[in-house]
Every structure is written in structure tokens, then in C-alpha cells.
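Visitor: Residue numbers (the numbering used here), protein chains in the order written: chain A, 154 to 266; chain Y, 7 to 118. No residue lacks a Cβ here, since even glycine has one placed at the ideal position from N, Cα and C. In this text, all values refer to a predicted model and were calculated from it rather than measured experimentally. Take this structure first; my questions come after.
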Amino acid sequence: DVKVTQSSRYLVKRTGEKVFLECVQDMDHENMFWYRQDPGLGLRLIYFSYDVKMKEKGDIPEGYSVSREKKERFSLILESASTNQTSMYLCASSTGTGDYEQYFGPGTRLTVT
Amino acid sequence: KNQVEQSPQSLIILEGKNCTLQCNYTVSPFSNLRWYKQDTGRGPVSLTIMTFSENTKSNGRYTATLDADTKQSSLHITASQLSDSASYICVVSHTGGFKTIFGAGTRLFVKA
């Protein structure tokens, strides 16, 4: 079974703090994704990566950065957390071929106060 | 603009009853359409996937249909169970399948 794990299930941070969210997948997938999920808006793509050290902006990259130093690990960084970044963050991975099914982690519920 | 719209936003049904969730999309070029189930506090899990040439796909009590001409899909749940309470998300892929557009989801509540 594909396993995607995220470093924290719940996180509370203060405004202005630097926040790191870690995601690890164990299926040697080429592609990895970071989404945020808010009520009524569905999943929105923040960044994705199709290879080590490669990254592409998604639909809402402002206020976020990412890092992919190893194939299995994809990190999301909030340089200076703000209250409007309070959300559920979901990481996913997929193969680089085939039907590109995305496998999701359990999510991190981030609250910025 | 590529969009995926789902209806209803939420639905409450009695255990044992059937229900149908709707998904309309304006995504081009179409590659495939997938339904995900997301339990509370968990990430989404794929239920079915359909390509342009497929118009129905079943996974146990879940049956998805696709009408590529009208750009509509539905997810039918038969004999609902309490464990079916979840959000159901319609996802349409384009550009060879790599890029995806997510619907906002339908929140289903099944009560005893």
C-alpha cells in the first residue's frame, strides 16, 4: 500500500512564525503536491514537484515556498505565518506515468493565532 | 475557465437508502474523472476513475457514471451505511492527466 505521511496532525503557531510542514511518501513517486483545503472551496493546489529540486507554482503559491531535496520528501514552508493561512494542509504523491492517481496523506490542521 | 461543480453541497439520508451525487465540469482537454471519498480527519481516497470512453464504473456499492457529451458525472451509492458518511470529491484531470481540478465536494451524512 502506498503510504504518505505528514509530520503533524495538528499544529498551532503564532502570527509571524516560520512554519515547516513535512511530507514523506514511500512509493518512489515522481510527483508530489501540497494543497490546502477550506470549507466550500475544495482542495486548492499550492505547489507541486515532478522531480527532486524541481518545483512549480500551483493556484495559490503566495506566502508559501517548498523544498524537495530528496525524492521521498516534500516540505511546505510558511515564511511568516498569517491568520489567513489557518487551514487543513494535504500532501499527495503520484507516479509520473499512467493515470496519475494521487495518494493523500492524513492532513495537517494548522491554526495561526 | 476549467471548473468542477458539485451538488448538493450536503446531503442527509437514512441508513439503507440510496443517493446520487452530481458533478458538472468544464475542463478541457479532458483526460479522466475520478471520485474520491474523504473521511473526517483523513486524506481523500480514490473510489473510481473513468476515461472519455467509459460511461460507468462500479466499486462495490458505489457506481459512477460519465456523460462526456454533457460533461456530467454522478456517483450513486446503494444501500447506504453509516460508514458512508464522508465528503465525496469529484476530480477532473486534463493535459494528459497530470493537471487536476478539484470540486468542492458533497458532504454526506448517513443517519441510523
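Could you say which of Y:Thr-46, Y:Leu-27 and Y:Ser-79 lies nearest to Phe-58 (chain Y) if we only look at CA atoms?
Guide: The residue with the shortest Cα to Cα distance from Phe-58 (chain Y) is Y:Ser-79.
Visitor: Of all Cβ atoms in chain C, is any one closer than 9 Å to the Cβ of Gln-28 (chain Y)?
Guide: In summary, chain C is missing from the structure at hand, where the protein chains are A and Y.
Visitor: Taking 8 Å as the limit between beta carbons, can you name the residues of its chain near Gln-9 (chain Y), skipping five residues before and five after?
Guide: Here the set comprises Tyr-31, Thr-32, Val-33 and Ile-107.
Visitor: Taking DSSP as the reference, what is the three-state secondary structure of Ser-89 (chain Y)?
Guide: Helix.
Visitor: Kindly provide the ranges of any beta strand (DSSP E) runs that are 3 or more residues long and lie completely inside the segment 13-42 of chain Y, ordered along the chain.
Guide: With a minimum length of 3 residues, the continuous beta strand (DSSP E) runs that stay inside the segment 13-42 of chain Y are 16-20 and 25-32.
Visitor: Is the shortest distance between the beta-carbon of Val-157 (chain A) and the beta-carbons of chain Y less than 9 Å?
Guide: Yes, because at least one Cβ of chain Y sits closer than 9 Å to the Cβ of Val-157 (chain A).
Visitor: Secondary structure at Gln-255 (chain A), three-state DSSP: helix, strand or coil?
Guide: If DSSP states are grouped into helix, strand and coil, Gln-255 (chain A) belongs with coil.
Visitor: Does Tyr-242 (chain A) pass the burial test, meaning 16 or more other C-beta atoms within 10 Å, or should it be called exposed?
Guide: The residue in question, Tyr-242 (chain A), is buried, as its Cβ has 16 or more Cβ neighbours within 10 Å.
Visitor: Let me make sure I understand the geometry here. Which of Y:Thr-62, Y:Cys-96 and Y:Ala-118 has the alpha-carbon closest to that of Glu-195 (chain A)?
Guide: The sequence shown places Gly at residue 195 (chain A), rather than the Glu named in the question. Per the Cα distances, Y:Cys-96.
Visitor: For Ser-99 (chain Y), which residues in the same chain have their Cβ closer than 6 Å to its Cβ, ignoring the five residues on either side in sequence?
Guide: Excluding residues within five positions, the ones whose Cβ falls inside 6 Å are Ser-37, Asn-38 and Thr-106.
Visitor: Nearest to Ser-228 (chain A) by CA position, among A:Ile-199, A:Gln-255 and A:Asp-181, is which residue?
Guide: With distances taken between Cα atoms, Ser-228 (chain A) lies closest to A:Ile-199.
Visitor: My assumption, with CB atoms under 8 Å, is that Ser-240 (chain A) sits in contact with Val-157 (chain A). Please give the rounded CB distance.
Guide: 18 Å between Cβ atoms; not a contact.
Visitor: Is Asp-90 (chain Y) buried or exposed, if buried means 16 or more other CB atoms sit within 10 Å of its CB?
Guide: Asp-90 (chain Y) comes out buried.
Visitor: Measuring only the C-alpha atoms, how far is Gln-87 (chain Y) from Leu-72 (chain Y)?
Guide: C-alpha separation (whole angstroms): 24 Å.
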